[in-house]
Amino acid sequence: MQILLIQKNNMVKQNDLAIVIPAYKSTFLAAALDSIAAQTCQDFTLYIGDDCSPNNLEVIVDKYRDKINLVYKRFDTNLGGKDLVAQWERCIDMTQGEDWLWLFSDDDVMEKNCVEEFYKTIKEKPKAGLIHFNVNRLDNATGKISPLPKFPDFCSSKFYLDEKLKGHLISFVVEFVVRRDVFFDNGRFQNFDLAWGSDFISWVKFSDAAGGIDTCEKAKVLWRKSNENISPDKSVPILIRKIHSLTDNAKWLSEFATKQGYGNKWFYTKYPLGEIRRNKVLLTKKQKTELLENYRTKIHPSFWVRMVMFILHFI
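Residues in the sequence shown are numbered consecutively from 7, following our numbering.
And the structure:
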């Protein structure tokens, strides 16, 4: 294991904010680091956890030794290929006690005032526990930047959960900053296969513990849409794993909603069935049967939902 501490101007400085990049891909890493180096406020430490990449990420990182306070570590084994959330968390464990944790990525970028606006927000809202940035989508193929739906200045955990499930809000992993105690006192990231839904469920959990989500309205994160994302992979084996993860998401949400007294179990658990229906042409009858049985076992659906499942067998 290789650990490299690179500190801007050779100064040791303890900051309140840790920006964490679980790194593997080299394609857009420089763009991500450029955006971090350009921050108008440099009161943070950047941690880069190299997931035993086949690419020489250190060569890229070295170019920023005089620009960013950072810690670089190359792990001896690749973990993200087997358990992406575990890779996130071992990178989080590189941090050194900073009050706030921002899990970023090796291909997205942040506007130059993000850190500055983050500090303004926590000063104005000292009880905040989960900070959010609005997001623009950057289409890597066309270069087009598209705004995504804005969050309100403040929203409850239930508002975020319901609006996300309705498709009115879109969120990713890179635009949330969580207070350290909220993260560690509430079980860290929720782990699902392929990390599918892990960020969403974690933000629901953390926002509930923190009393809501506060959004920085004057700075944005740009989420990059490219062929290197997990999301575009439409292979059947990956699709089946995603549907299994969606079912595990639904089970967690069902238990959470019941505990909170939200009611309407169908609303929180219907999405795996919709995914099966949308991909009916790709799935064999046997595969659909196995997915539906897994759903039945974990969700314990009502009679009417079981009728819907019966129909799905034959479409």
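Ideal Cβ positions, reconstructed from N, Cα and C, are used throughout, including at glycine. What you are looking at is a predicted structure, and each value in this text was computed from that prediction instead of being measured.
I'd like to know whether the C-beta atoms of N142 and P153 end up nearer to each other than 8 Å.
Yes, the pair counts as a contact, with Cβ atoms nearer than the cut-off.
First and last residue of the beta strand (DSSP E) that includes S152?
That run of the beta strand (DSSP E) goes I151 to P153.
Extract the residue ranges of the beta strand (DSSP E) inside the region 203-274, only unbroken runs of 3 or more that lie entirely within it.
Entirely contained in the region 203-274, the beta strand (DSSP E) runs reaching 3 residues are, in chain order, 219-231.
When DSSP builds the beta bridges, which residues end up paired with I305?
DSSP lists no partner for I305.
For F34, collect the residues of the same chain with a Cβ closer than 6 Å to its Cβ; drop the 5 residues on either side in sequence, then sort them by chain order.
For F34, where only same-chain residues beyond five positions count, the Cβ hits under 6 Å are D113.
If you check the beta carbons only, do E394 and C47 fall under 8 Å apart?
Residue 394 falls outside the range modelled here, since the chain spans only 7 to 321, and no answer is possible.
Rounded to whole angstroms, what is the Cα-Cα separation between W209 and S232?
Using only the alpha carbons, I get a separation of about 24 Å.
Within the 8 Å Cβ cut-off, does F182 reach chain C?
Of the protein chains in the structure, only one exists, and it is not chain C.
Would you mind working out which of L144, Y277, F189 and T83 sits nearest I137, comparing C-alpha positions?
Out of L144, Y277, F189 and T83, F189 has the C-alpha closest to the C-alpha of I137.
Report the residue from D68, H250 and D205 whose alpha carbon sits nearest the alpha carbon of A92.
Measuring from the Cα of A92, the nearest candidate turns out to be D205.
Does DSSP put P132 in a helix, a strand or coil?
In the structure shown, P132 sits in coil (DSSP, three-state: anything other than H, G, I, E or B).
Count the CB pairs spanning the region 95-107 and the region 177-189 that are closer than 8 Å, and state whether there are at least three.
Short answer: they touch.
Answer with buried or exposed for T290, where buried requires no fewer than 16 other C-beta atoms within 10 angstroms of its C-beta.
T290 is exposed by the Cβ-count criterion.
May I have a chain-ordered list of the alpha helix (DSSP H) segments no shorter than 4 residues that lie completely inside the region 155-195?
Listed in chain order, they are 163-172 and 186-191.
Would you mind giving the Cβ-Cβ distance between G203 and N255, rounded to the nearest angstrom? I have them listed as a contact below 8 Å.
Rounded, the Cβ-Cβ distance is 4 Å, consistent with contact.
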